[in-house]
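Take a look at the structure below.
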Amino acid sequence: MEGKSRNKEIVRISMLGILANVALAGLKAIVGILSHSIAITLDAVNNLSDAASSGITILGTKLASKEPDWHHPYGHGRYEYLTTMVVAGIVLWAGLTSLWEATEGIIEPQVPTYSATGLAIIAVAVIVKLLIGSHFVSAGRRLESGSLTASGEDARFDAIISAATLVAAAIYLLSGISLEAWLGAAISLVIIRSGIEILREALNKVLGERVDDELARDIKDTICSVEGVRGAYDLILNDYGPQRLSGSVHIEVDETIDAREVDRITREIQADVLERHGVVLHTIGIYSTNTAEDSEEQAIQAALQQIVDESPYILQTHGLYVDVSEQRATFDLVMSFETPDSDAVRQTVLDELRRRFPGYAFMIVLDADISG
């Protein structure tokens, strides 16, 4: 979906969330105060925090839609992640405040009173929150909006909490046992957990997450489908906001092709990846691959593969090019993040290759396991 239409839909859905949550908060607050129900009152507070979250989502979407400028050439898409962190702060504050109130209710309990009208309003709220939650989650996944998806999941859980309030009311009416304060504490803990999860997700986006393995495989498949490409490696994607991925990749091509063919291949790759995946590849590096069959090149390749297979820390080798006339070989090693000393592993590989192929010079580049 194009950026402008995506942003408009996020704003529209968020406005719907604000209106619905404010209405529910008002109804629940009235019922909670009249019935002396801590759980219902706290649930109203949670609805207000949901409404505030939707407002922050709108603000973040508006800021993120600003065009790139001299200071921010990659755009302002990460505003969505920053405002999500603000939403997480609001949710955490609401949860902590609610927990404090619930704790006071446990220490000094009040006798709740329920009315048929109040319970009916809560039942309606359960249905409304389930509908809102399903709509938000569906739209969030379709629009790749983490804040919408998180709000939807939170709304669904709110519906479960409200349903639990009805259960507590039924228990009190049937047995006289009040679980209101305890249920209020449980609701508060759920709110706090939700805030922590939202914050963690936003922080991961800002810090830089690992590329989704399925997306990485799909992009590499697209690249390898271009005529002349023999392999795709070292895919790096930078996330500058939802639907704003850009990065670089290395490809293997025959050593015999000329610059015009390289130009055709790289431009076709950039166009195909953008069209199929919405990803901008700014840079495409080139690995030259041996085309002529040579016993020494094959021997080095076999030896290198054996060394890699025997190492618990080397995940992959690629980009091997052997210049038999100059007795020089270059290649990359992809190291596991669990490797205690990458330089030591590199030196071990280098020493073994030198032992097997004296006279050859080897250049080894260490790569991290960035993408699948």
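According to this note's numbering, the sequence shown is numbered sequentially starting from 1337. Think of the CB as a built atom: it goes at the ideal place given N, C-alpha and C, for glycine as much as any other residue.
List the whole-angstrom C-beta distance separating residue i from residue j, where the pair is believed to meet the contact cut-off of C-beta under 8 Å.
i	j	result
V1589	D1570	Going by Cβ atoms, the distance from V1589 to D1570 rounds to 14 Å, so no, they are not a contact pair.
A1400	H1408	The Cβ separation is near 11 Å, so there is no contact.
L1363	A1461	7 Å
V1598	I1622	6 Å
L1617	G1583	6 Å
N1343	L1384	The Cβ separation is near 25 Å, so there is no contact.
R1612	T1558	5 Å
I1636	I1587	In fact, because the Cβ distance is near 21 Å, the residues do not count as touching under 8 Å.
A1387	I1354	5 Å
I1442	A1359	Rounded, the Cβ-Cβ distance is 30 Å, inconsistent with contact.
Q1579	G1544	Not confirmed; about 17 Å, so no contact.
Go through its chain and collect everything with a Cβ distance to residue i's Cβ below 6 Å, but skip five positions before and after it.
i	result
D1630	V1660
T1377	G1368
C1560	A1568
A1486	I1534
S1390	S1350, G1353, I1354
G1476	L1484, T1485, G1488
T1393	S1350, S1483
E1633	N1626, V1658
Using C-beta distances below 7 Å, list every residue in its chain close to residue i, excluding the 5 sequence neighbours before and after it, in chain order.
i	result
L1432	I1528
I1643	V1685, E1688
A1380	A1361, K1364, A1365, G1368
I1593	G1564
R1682	L1669, I1700, L1702
T1625	R1566, E1588, V1589, D1590, E1591, Y1657
Exposed or buried, which one is residue i when buried takes at least 16 other CB atoms within 10 Å?
i	result
R1691	exposed
M1699	exposed
K1340	exposed
S1498	buried
D1575	buried
L1573	buried
G1488	buried
L1581	buried
A1452	exposed
V1542	exposed
L1510	exposed
L1519	buried
Looking only at its own chain, which residues have a Cβ that is under 8 Å from the Cβ of residue i, when we skip the five neighbours before and after it?
i	result
R1492	K1465, L1466, G1469, S1470, V1473
I1507	I1513, L1515
G1577	A1400, G1411, H1412, G1413, R1414, Y1415, E1416, Y1417
G1425	G1531, L1535
V1562	I1601, E1604, I1605, D1608
I1706	R1546, V1547, D1570, L1571, I1572
Y1696	I1636, Q1663, R1664, A1665, L1689, R1690
Q1641	T1653
L1502	L1455, I1458, A1459, V1462
With DSSP run on the structure shown, which of helix, strand or coil describes residue i?
i	result
H1654	strand
T1666	strand
N1357	helix
D1575	strand
S1582	strand
F1693	coil
G1544	coil
E1588	strand
S1624	strand
I1513	coil
Y1569	strand
I1643	helix
F1472	helix
T1619	strand
V1701	strand
D1630	coil
Practice task
Decide if the region 1390-1404 is in contact with the region 1432-1442; the criterion is three or more beta carbon pairs, one per stretch, under 8 Å apart.
Solution key: The region 1390-1404, when compared against the region 1432-1442, does not touch it at the 8 Å Cβ threshold.
Practice task
Say whether the region 1476-1492 touches the region 1530-1539, bearing in mind that this needs 3 or more beta-carbon pairs closer than 8 Å, one atom from each stretch.
Solution key: yes
Practice task
Take every Cβ of the region 1544-1559, pair it with every Cβ of the region 1410-1430, and state whether three or more of those distances are shorter than 8 Å.
Solution key: no
Practice task
Take every Cβ of the region 1636-1655, pair it with every Cβ of the region 1663-1680, and state whether three or more of those distances are shorter than 8 Å.
Solution key: yes
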